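Since the structure comes first, as structure tokens, the remarks are kept for the end.
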Amino acid sequence: MIDGTGAPWFDGDVAISDGRIAAVGDVTGSGGTELDADGAVVAPGFIDIHTHSDFTLPANRDAHSKVRQGVTLEIVGNCGTSAAPRYGEGAEDVDEGFAYRGVGEVVDTSAWESMGDYLDHLEGADAGGVSLNVGSLIGHENARIPVLGYEDREPTADELEEMKAIVDEALSDGAVGLSTGLIYTPGAFADTEELVALAEVVADHDKLYATHMRSEGDEIFEALEEAIEIGDRADVPVQVSHHKAVGRDNWGKVKYTLERMRRARDRDGVEIQCEQYPYTASSTSLGARLPTWAREGGTDAILDRLTDEETRAEIRDELEANTDSWDDILITNVRTSDLEAVQGQTIAELAERDGESRSPAEIVIDLLIEDRVRPRHIHFCMRDSDVEEVMAHELTMIGSDGNSLRPTGPLGDGVPHPRSYGTFPRVLGHYVRERGVVSLETAVYKMTGQPAARLGLEDRGVLKEGLWADLTVFDPETVGQGGSFVDPAVYPDGIHHVLVNGEFVVRSGEHTGARPGVAIR
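Pasting the structure below:
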């Protein structure tokens with residue numbers, strides 16, 4: 001038994017009754033169903049505190065790639081964008097989010113508007129239920145776009161009040177906090193004053209501010225200072241999303257950012273922590289590589305700039321100046337069928353195929369034009385020693401930054417980042433068993449008790465009598481990621497059984513089809 005508190009393992013049993021843990025340790029008596037887990041680890045179900053499955057769960061309610069790696073709770077709505085609320089022009093942005101992930105044709109987004117509607121839709125038996133538990137942040141863009149659209153300007157006093165009201169409603173509906181995506185537009189157009197004002201609403205609800213900072217590269221120090229300032233001025237807990245240092249010139253900076261977070265807590269009283277995914281490559285939209293100024297106004301405005309000869313040249317020059325290596329950019333997903341051949345290839349490989357007819361930067365621009373700014377890519381931009389340093393730090397939790405996927409159907413298209421299938425087993429296998437970066441007990445704590453405490457969940461995350469029976473049973477000698485960057489859609493090894501609210505969702509390595517998950521409000 002590894003109980004999720006960070007305490008040493010111990011031998012014992014766990015008894016479950018009516019979906020909750022009835023006893024832990026030396027349990028006497030017998031059960032209607034008994035499972036011999038000798039030689040395995042019984043742990044709390046893993047809490048994936050950073051995901052984007054709000055755009056895939058309505059089409060994949062069995063949450064295959066997550067429950068098969070031991071996840072029993074996902075927190076969605078990260079990086080400034082959530083599936084709810086869907087108001088005004090923001091509804092179009094939400095619908096585009098579903099289109100990006102290839103499920104727009106099978107998900108009826110008109111089934112909800114508010115955050116409460118969305119959570120009801122996910123867990124409702126009439127809509128099919130869901131196999132794991134789900135909580136959602138409200139994305140900053142979901143409050144900004146209905147009020148300001150894609151304009152690069154400060155809100156007026158009245159507009160700011162409208163945005164605050166949207167955030168307040170979502171938090172009252174059960175959202176676990178507010179997220180920002182400050183490298184994306186229109187999130188990038190918000191100044192610190194706007195973010196502090198919205199974070200104050202979050203503080204009033206005693207919830208969480210999660211931020212994809214303005215920079216994870218050259219301006220990472222300045223970006224972290226802004227996050228700390230927001231936490232200090234709004235008196236709100238801060239979660240730094242997928243903490244990393246991007247680009248060779250910035251490798252090693254995590255040593256200082258981690259220490260700055262510790263000092264912010266110890267000296268300034270700012271309740272700041274972070275989470276990470278255990279890979280040296282990120283994944284996001286290819287359009288995020290464009291300069292911020294080139295992304296104002298939405299898709300049509302971006303395409304106008306990309307097709308204007310003079311502006312295109314300016315964008316090309318900035319792409320070339322800000323890219324370390326074209327070998328490090330792998331195209332993973334496109335929406336236009338005629339472009340599917342580029343999936344799984346790097347920009348360097350595409351440039352080599354084209355000879356001297358187009359430069360790598362021109363290939364990026366053309367892909368954005370031909371696929372209407374919808375391609376996604378993986379960027380190999382970090383170093384392993386930085387990943388290990390972040391993972392070992394006491395302020396760090398584990399979060400996949402991925403989606404609930406499955407290898408078949410619309411969610412099996414493209415070449416996704418392997419984190420959607422293997423984040424938690426990779427930590428347990430590669431970084432615990434093979435590398436010894438953290439102990440097994442510490443790794444489980446970073447996946448269970450630590451995020452549960454961060455979210456204020458008093459009834460999940462540890463093995464304790466009376467708590468909900470979210471459990472993962474795995475083999476510490478064989479657990480590990482199954483796929484790779486080349487072949488990512490492979491379920492992991494060593495995850496034997498997963499229970500959600502006391503019900504088997506995975507048994508003997510296979511999905512049972514059960515959907516006992518609930519919305520965490």
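By UniProt numbering, the letter at position 448 of the sequence shown is numbered 448, and the numbering carries on one by one without gaps. Glycine is no exception: its CB is placed at the ideal position from the N, C-alpha and C atoms. Everything numeric in this text was worked out from a predicted model, so none of it was measured.
With a 10 Å radius around the Cβ and a threshold of 16 neighbouring Cβ atoms, P146 comes out buried. In terms of CA proximity to E141, R86 leads the group G449, E309, R86. The continuous alpha helix (DSSP H) containing V390 extends over residues 384 to 392. If you draw a straight line from the Cα of S110 to the Cα of G12, it comes to about 48 Å. Each residue's CA atom was taken as its position, placing K253 and A245 some 6 Å apart. Less than 7 Å separates the beta-carbon of S400 from that of R419.
Taken in chain order, the complete alpha helix (DSSP H) segments of 4 residues or longer contained in the stretch 58 to 136 are 64 to 67, 89 to 100, 115 to 123. A341 carries a helical assignment under DSSP once its states are collapsed to helix, strand and coil. Beta bridge pairing from DSSP links D48 with E74.
For R20, the beta-bridge partners assigned by DSSP are S17, W468. In this structure, I331 is the residue among I331, N78, G129, E225 with its C-alpha nearest to the C-alpha of L367. Close CB contacts of V500 within its chain, under the 8 Å cut and outside five residues either way in sequence, are with G45, V67, T72, S131, L132, N133, D470, A514, P516, G517 (chain order). Residue N333 holds the alpha-carbon nearest to the alpha-carbon of G414 among N333, Y431, F424, A348.
I378 is bridged by DSSP to S283, L330. The stretch 296 to 312 and the stretch 190 to 206 do not touch, with fewer than three beta-carbon pairs separated by less than 8 Å. In the structure shown, A37 adopts coil according to DSSP, grouped into three states.
Boundaries cannot be given for M1, as no beta strand (DSSP E) includes it and DSSP labels it neither H nor E. Taking a contact to require three or more Cβ pairs closer than 8 Å, the stretch 16 to 25 and the stretch 477 to 484 do not qualify as touching.
The C-alpha of R435 is placed about 22 Å away from the C-alpha of Y491.
Around the beta carbon of R61, 16 or more other beta carbons lie within 10 angstroms, which makes this residue buried.
Non-local C-beta neighbours of D459 in its own chain, meaning closer than 8 Å and more than five positions away in sequence, comprise G466, L467, W468, ordered along the chain. Following the DSSP letters along the chain, one finds E275 inside the beta strand (DSSP E) bounded by residues 272 to 276. Rounded to whole angstroms, the separation of the alpha carbons of V107 and R289 is 29 Å.
Annotation for S172: the continuous alpha helix (DSSP H) segment containing it runs 157 to 172.
Rounded to the nearest whole angstrom, the CA to CA distance from T292 to I183 is 8 Å. In chain order, Y150, T292, R295, E296 place their CB closer than 7 Å to the CB of T185, counting only its own chain and leaving out the 5 sequence neighbours on each side. Membership of L208 in the beta strand (DSSP E) is indicated by the continuous run 208 to 212.
The C-beta distance from F504 to H497 rounds to 7 Å, short enough to fall under 8 Å.
Straight through space, the alpha carbons of I378 and E370 are spaced by roughly 19 Å. Our two residues, S385 and M213, have alpha carbons roughly 21 Å apart in a direct line. Note that the stretch 225 to 234 touches the stretch 261 to 273; at least 3 beta-carbon pairs, one per stretch, sit closer than 8 Å. In terms of CA proximity to S53, R101 leads the group A351, I16, R101, R353. The residues Y209, I230, A234, V236, in chain order, have a CB closer than 6 Å to that of A199 in the same chain once the five nearest residues on each side in sequence are set aside. Inter-residue distance for A453 and T211 is about 18 Å (C-alpha atoms, whole angstroms).
F189 is positioned such that its CB atom lies closer than 7 Å to that of D152.
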